[in-house]
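Step one of this worksheet: look at the structure below.
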Amino acid sequence: MACACAFAGSVRSEDAFRFKADRMSGGRAAGKETTLLSGHAEIVSEDLTLRADRIELSGPENRFVECSGQVSGTDEKKGIHFTTARLRYDRTDKIARLEGDSVLEDKENGVVAKGRFIEYNDKAGVTTIQVGVRIFKDELVCRSEYAIYRRKEKILELTGMPVVFKDGDEFRSDRMRVDLDTDDISMEGAVRGTLKEKKKNAAP
Numbered sequence: 066m067a068c069a070c071a072f073a074g075s076v077r078s079e080d081a082f083r084f085k086a087d088r089m090s091g092g093r094a095a096g097k098e099t100t101l102l103s104g105h106a107e108i109v110s111e112d113l114t115l116r117a118d119r120i121e122l123s124g125p126e127n128r129f130v131e132c133s134g135q136v137s138g139t140d141e142k143k144g145i146h147f148t149t150a151r152l153r154y155d156r157t158d159k160i161a162r163l164e165g166d167s168v169l170e171d172k173e174n175g176v177v178a179k180g181r182f183i184e185y186n187d188k189a190g191v192t193t194i195q196v197g198v199r200i201f202k203d204e205l206v207c208r209s210e211y212a213i214y215r216r217k218e219k220i221l222e223l224t225g226m227p228v229v230f231k232d233g234d235e236f237r238s239d240r241m242r243v244d245l246d247t248d249d250i251s252m253e254g255a256v257r258g259t260l261k262e263k264k265k266n267a268a269p
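Okay, so the sequence shown: first residue is 66 according to the numbering used here, each after it adds one.
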């Protein structure tokens, strides 16, 4: 039987959230507040919905959320969706850390980011992606070992053997900056690339 209810007590009304799961355990002793949800676990905190096989809530006013097993999250207001193996989320600072093979999709800007570690800072509008980074937008494909995605400015900064593929062309350098609004690319350090020859239309 699934359990569904909402936290009350010391939690501020605007921060209260709902949860449900197949099983629930834990304690609310002062200074050691923990709640463990397992089996089809789900919590809804403001605009963010998190789902996982296992969700643990801890800290004062359930500040810290730790998810594992088929983790997914959605922020409908911002058009953000992500999947990962493990998630740590700070409800106060609104910072989510995704660990393991992770995918974050920004539907509003048409951007998909993949990596082994992703940190999403909701307040700052900044996402950091590390290890095996792959970022896609329309026909643009970016690869690197480290990337910073500034969502509000629609700017992508790449380091760690970055390479960008655009319309059949290939660009490489030590550091790259991509304007995701215009697809313009700025490069610094050991700049090199390959430009694909465009076929000319035959004269009538």
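Just so it is clear, CB atoms sit at the ideal spot from N, CA and C, and this is done for glycine as well.
It should be emphasised that the depicted structure is a prediction, and the values quoted were computed from it without experimental measurement.
Note that the C-beta distance between R257 and F230 is not below 9 Å. G180 and S133 have their alpha carbons spaced roughly 17 Å apart. Contact between T149 and V136 holds, with the beta-carbon distance rounding to 5 Å and staying under 8 Å.
In summary, M226 is exposed, with fewer than 16 beta-carbon neighbours lying within 10 Å of its beta-carbon over all protein chains present. Approximately 7 Å separates the beta-carbon atoms of E107 and L115; this is inside 8 Å, confirming the contact.
Distances from the alpha-carbon of R153 to those of D249, E173, C207, N127 put N127 closest. Under DSSP, the beta-bridge partners assigned to M252 are M241.
When rounded, the separation of the alpha-carbon atoms in D244 and V191 is 15 Å. Your pair S90 and L101 checks out as a contact, with CB atoms roughly 5 Å apart and the cut at 8 Å.
In terms of Cα proximity to D248, the closest of K188, D203, E170 is D203.
Secondary structure of E235 (DSSP, three-state): strand.
For G225, there is no enclosing beta strand (DSSP E), as DSSP gives it neither H nor E. Burial check for R216: the Cβ neighbour count within 10 Å reaches 16 or more, so the residue is buried.
Within the model, the alpha-carbon separation for E218 versus G165 is close to 27 Å.
In this structure, D234 places its C-beta atom within 9 Å of the C-beta atom of T259. Non-local C-beta neighbours of D140 in its own chain, meaning closer than 7 Å and more than five positions away in sequence, comprise D112, L113, ordered along the chain.
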